[in-house]
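A.B. asks: Here's a structure for you.
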């Protein structure tokens, strides 16, 4: 009978030492090692080995500080999908379409949808309602009919946020509406004299911004729901707003039609101005979206065609990095993976762009509405899919393909 080969001395080593040796390998070498035998395939697939590699990849689910935002997905698989994000390999699909609202004969106005992702659900505003769609488990899109509808506004929802199973929305009717995603609980209160362009919700407080040139702080504590704690007179229309992760301040992005910076940070407890960001904004360079990565790192974009990256620890006068939209289009929305990748939505032809913060030029571009032009009003992404809401359709880019 054929004699079996002696066991490799490699297996005499303790597992901790084997993992230490493998930790010096790059992604390609780990992949080749996993093809040797089943035992090495198991060893080389350990999340511990891929975590360091993943932190250097685009949208792998790890923040700059190493926090894992997608613990249920094997890290090795996320690294594989990350290469598709970098090279722009994806399957495109239009998963929802809707008609424009007719406001007069021979004229129409586009809806300006907003959305949020929450686990297995995508929440999308359409006219005066917010609809919850179940995402298909096989990653093929979403179910065509909503699982739930949240209403309460008399005019279109401008923007909303989803935090801890609570939906807080601002509408063209000047009202703010609070819903719980599970159950029928809802609260509505009058907030502004004109439309509520933006809202955020953290730590039992709501902040809202309006065309009426004010930003307000609202209480949600028991017995004080809907009570205005502070009114900030911004002297300009407020387009975007966000609460700092430390719950100590909030930032407003305004239309930049006056003589003040369109980016200002306010104290959440007192409503007093803390600082202005930037000094060289041009007239009309309004800020349409802001996004906190950490308490000190902030992204902004708007009509001046730039994405700006602010580190308020180092300077409030000048951003630490900036990227210009190649076709000189306004930027309606931004999002980041809180590490290396930024996604932006442009004002023409449904252009979604991916950026690597370590590079100066755009990494990938996707034209979603050609030949009919539409802004990308909102975008959200997971480690596998990107969703973009345009004037009359919701598009998905599947990077697992």
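Residue numbers (mature numbering (1 follows the signal peptide of the UniProt record, and there is no 0)): -27 to -1, 1 to 374.
The beta carbon of each residue, even a glycine, is placed where N, CA and C say it ideally should be.
Considering Cα atoms alone, identify which of 263, 1, 317 is closest to residue 329.
C.D. replies: Taking the chain shown and counting its residues from 1, one reaches residue 329 at position 356. Of the candidates 263, 1, 317, the one whose C-alpha sits nearest the C-alpha of residue 329 is 317.
A.B. asks: How many whole angstroms separate the CB atoms of residue 226 and residue 190, which I take to be in contact at a CB cut-off of 8 Å?
C.D. replies: On the chain shown, position 253 is the one that residue 226 refers to. On the chain shown, position 217 is the one that residue 190 refers to. Wrong, their Cβ atoms sit about 16 Å apart, outside the cutoff.
A.B. asks: Can you give the Cα-Cα distance for residue 289 and residue 248, rounded to whole angstroms?
C.D. replies: To locate residue 289, count along the chain shown from 1; it is residue 316. To locate residue 248, count along the chain shown from 1; it is residue 275. Their backbone Cα atoms lie some 7 Å apart in a straight line.
A.B. asks: Measuring CA to CA, which of 40, 54, 37 is closest to residue -1?
C.D. replies: The residue labelled residue -1 in the question sits at position 27 within the chain shown. Here the closest residue by C-alpha is 54.
A.B. asks: Helix, strand or coil: which one does DSSP assign to residue 240?
C.D. replies: Looking up residue 240 in the chain shown gives position 267. Residue 240: strand per DSSP, three-state reduction.
A.B. asks: Restricting to runs no shorter than 3 residues, where is the beta strand (DSSP E) found entirely within the region 102 to 184?
C.D. replies: Segments of the beta strand (DSSP E) lying fully in the region 102 to 184: 102 to 107, 121 to 123, 130 to 136, 139 to 144, 148 to 153, 159 to 163, 169 to 175, 178 to 183.
A.B. asks: In angstroms, rounded to a whole number, what distance separates the CA positions of residue 347 and residue 34?
C.D. replies: Counting from 1 along the chain shown, the entry for residue 347 is found at position 374. Counting from 1 along the chain shown, the entry for residue 34 is found at position 61. Cα to Cα, residue 347 sits roughly 30 Å from residue 34.
A.B. asks: Return the chain-ordered list of same chain residues with a C-beta closer than 6 Å to the C-beta of residue 177, the five sequence neighbours on each side being excluded.
C.D. replies: The sequence position of residue 177 within the chain shown is 204, counting from 1. Hits under 6 Å: 193, 194.
A.B. asks: Would DSSP call residue 318 helix, strand or coil?
C.D. replies: For the purposes of this step, residue 318 is identified with residue 345 of the chain shown, where counting begins at 1. The answer is strand: DSSP assigns residue 318 an E or B state.
A.B. asks: How should residue 293 be labelled, buried or exposed, when 16 other C-beta atoms within 10 angstroms of its C-beta is the threshold for buried?
C.D. replies: As a first step, residue 293 must be located in the chain shown, where it is residue number 320. Exposed, since its Cβ has fewer than 16 Cβ neighbours within 10 Å.
A.B. asks: Since residue 205 sits in a beta bridge, which residues does DSSP pair it with?
C.D. replies: In the chain shown, the residue the question calls residue 205 occupies position 232. Residue 205 pairs with 188.
A.B. asks: Can you give the beta carbon distance from residue 260 to residue 296, rounded, assuming they're within the 8 Å contact cut?
C.D. replies: Counting from 1 along the chain shown, the entry for residue 260 is found at position 287. Counting from 1 along the chain shown, the entry for residue 296 is found at position 323. With a Cβ gap of about 15 Å, residue 260 and residue 296 do not count as contacting.
A.B. asks: Locate the alpha helix (DSSP H) running through residue 409, then write down its first and last residues.
C.D. replies: What is shown of the chain runs -27 to 374, which leaves residue 409 out entirely.
A.B. asks: Answer with buried or exposed for residue 274, where buried requires no fewer than 16 other C-beta atoms within 10 angstroms of its C-beta.
C.D. replies: Here residue 274 refers to the residue found at position 301 when the chain shown is read from its first residue. So residue 274 ends up on the buried side.
A.B. asks: What are the boundary residues of the beta strand (DSSP E) that residue -6 is part of?
C.D. replies: The sequence position of residue -6 within the chain shown is 22, counting from 1. Not the beta strand (DSSP E): residue -6 falls in the alpha helix (DSSP H), residues -13 to -6.
A.B. asks: For residue 16, which three-state DSSP category applies?
C.D. replies: As a working note, residue 16 is residue 43 in the chain shown. Residue 16: helix per DSSP, three-state reduction.
A.B. asks: In whole angstroms, give me the CA-to-CA distance for residue 287 and residue 153.
C.D. replies: In the chain shown, counting from the first residue as 1, residue 287 sits at position 314. In the chain shown, counting from the first residue as 1, residue 153 sits at position 180. Cα-Cα distance, rounded: 39 Å.
A.B. asks: Judging by CA-CA distance, which residue of 216, 325, 332 is the nearest neighbour of residue 61?
C.D. replies: Residue 61 sits at position 88 when you count from the first residue of the chain shown. Of the candidates 216, 325, 332, the one whose C-alpha sits nearest the C-alpha of residue 61 is 325.
A.B. asks: Could you name the residues of the same chain whose beta carbon sits closer than 8 Å to that of residue 148, not counting the 5 residues immediately before and after it, in chain order?
C.D. replies: Taking the first residue of the chain shown as 1, we reach residue 148 at position 175. Cβ within range, chain order: 125, 126, 127, 161, 162, 163, 164, 169.
A.B. asks: By Cβ distance below 6 Å, which residues in the same chain neighbour residue 42 in space, the five residues on each side in sequence not counted?
C.D. replies: On the chain shown, residue 42 is found 69 positions in, with the first residue counted as 1. Excluding sequence neighbours, residue 42 sits near 34.
A.B. asks: Figure out for me which residue from 322, 351, 338 has the closest Cα to the Cα of residue 344.
C.D. replies: Position 371 of the chain shown holds residue 344. Among 322, 351, 338, the Cα nearest to that of residue 344 is on 322.
A.B. asks: In angstroms, rounded to a whole number, what distance separates the CA positions of residue 284 and residue 47?
C.D. replies: What you label residue 284 is simply residue 311 of the chain shown in a count that begins at 1. What you label residue 47 is simply residue 74 of the chain shown in a count that begins at 1. Taking the straight line joining both Cα atoms gives about 32 Å.
A.B. asks: What is the rounded straight-line gap between the Cα of residue 50 and the Cα of residue 18?
C.D. replies: Counted from its first residue, the chain shown places residue 50 at position 77. Counted from its first residue, the chain shown places residue 18 at position 45. Taking the straight line from one Cα to the other gives about 9 Å.
A.B. asks: Just to confirm my understanding: we take residue 95, look at its own chain, exclude 5 residues before and 5 after, and list those with CB closer than 7 Å. What are they?
C.D. replies: As a position in the chain shown, residue 95 is number 122, starting the count at 1. Once the five neighbours on either side are set aside, the close Cβ partners of residue 95 are 88, 106, 108, 115, 360.
A.B. asks: By DSSP, does residue 60 sit in helix, in strand, or in coil?
C.D. replies: The residue given as residue 60 occupies position 87 in the chain shown. Reduced to three states, the DSSP call for residue 60 is helix.
A.B. asks: Measure the Cβ-Cβ separation of residue 71 and residue 104 and say whether it is below 8 Å.
C.D. replies: By 1-based counting over the chain shown, the position of residue 71 is 98. By 1-based counting over the chain shown, the position of residue 104 is 131. Not a contact, by the Cβ cut-off of 8 Å.
A.B. asks: If you check the beta carbons only, do residue 172 and residue 188 fall under 8 Å apart?
C.D. replies: The residue you call residue 172 lines up with position 199 of the chain shown. The residue you call residue 188 lines up with position 215 of the chain shown. Against a cut-off of 8 Å, the Cβ pair of residue 188 and residue 172 comes out as no contact.
A.B. asks: What did DSSP end up calling residue 199 once you bin it into helix, strand or coil?
C.D. replies: Within the chain shown, numbered from 1, the residue matching residue 199 stands at position 226. Residue state, collapsed to three classes: coil.
A.B. asks: Tell me the DSSP secondary structure of residue 331 in three-state form.
C.D. replies: Residue 331 sits at position 358 when you count from the first residue of the chain shown. Coil at residue 331, not helix or strand.
A.B. asks: What residues are listed by DSSP as bridge partners for residue 89?
C.D. replies: Here residue 89 refers to the residue found at position 116 when the chain shown is read from its first residue. DSSP, once it has assigned bridges, lists 96 as partnering residue 89.
A.B. asks: Give every residue of the same chain whose Cβ lies closer than 8 Å to the Cβ of residue 302, excluding the five residues on either side of it in the sequence, and list them in chain order.
C.D. replies: As a working mapping, residue 302 is identified with position 329 in the chain shown. 278, 319, 320, 321, 324, listed in sequence order.
A.B. asks: Return the chain-ordered list of same chain residues with a C-beta closer than 7 Å to the C-beta of residue 222, the five sequence neighbours on each side being excluded.
C.D. replies: Locating residue 222 in the chain shown gives position 249, counting from the first residue. Closer than 7 Å at the Cβ level, and outside the excluded window around residue 222, lie 238, 239, 240, 241, 247.
A.B. asks: So if DSSP puts residue 352 in a beta bridge, which residue, or which two residues, is it bridged to?
C.D. replies: Looking up residue 352 in the chain shown gives position 379. Partner(s): 361.
A.B. asks: Please give the ranges of any beta strand (DSSP E) in the region 272 to 318, keeping only runs that are unbroken, at least 3 residues long and fully inside the region.
C.D. replies: The qualifying runs are 279 to 284, 294 to 297, 304 to 309.
A.B. asks: Using C-beta distances below 7 Å, list every residue in its chain close to residue 184, excluding the 5 sequence neighbours before and after it, in chain order.
C.D. replies: The residue you call residue 184 lines up with position 211 of the chain shown. For residue 184, where only same-chain residues beyond five positions count, the Cβ hits under 7 Å are 167, 168, 170, 210.
A.B. asks: Roughly how many angstroms separate the alpha carbons of residue 337 and residue 331, rounded to a whole number?
C.D. replies: Reading the chain shown from its first residue, position 364 is the one you call residue 337. Reading the chain shown from its first residue, position 358 is the one you call residue 331. Cα-Cα distance, rounded: 14 Å.
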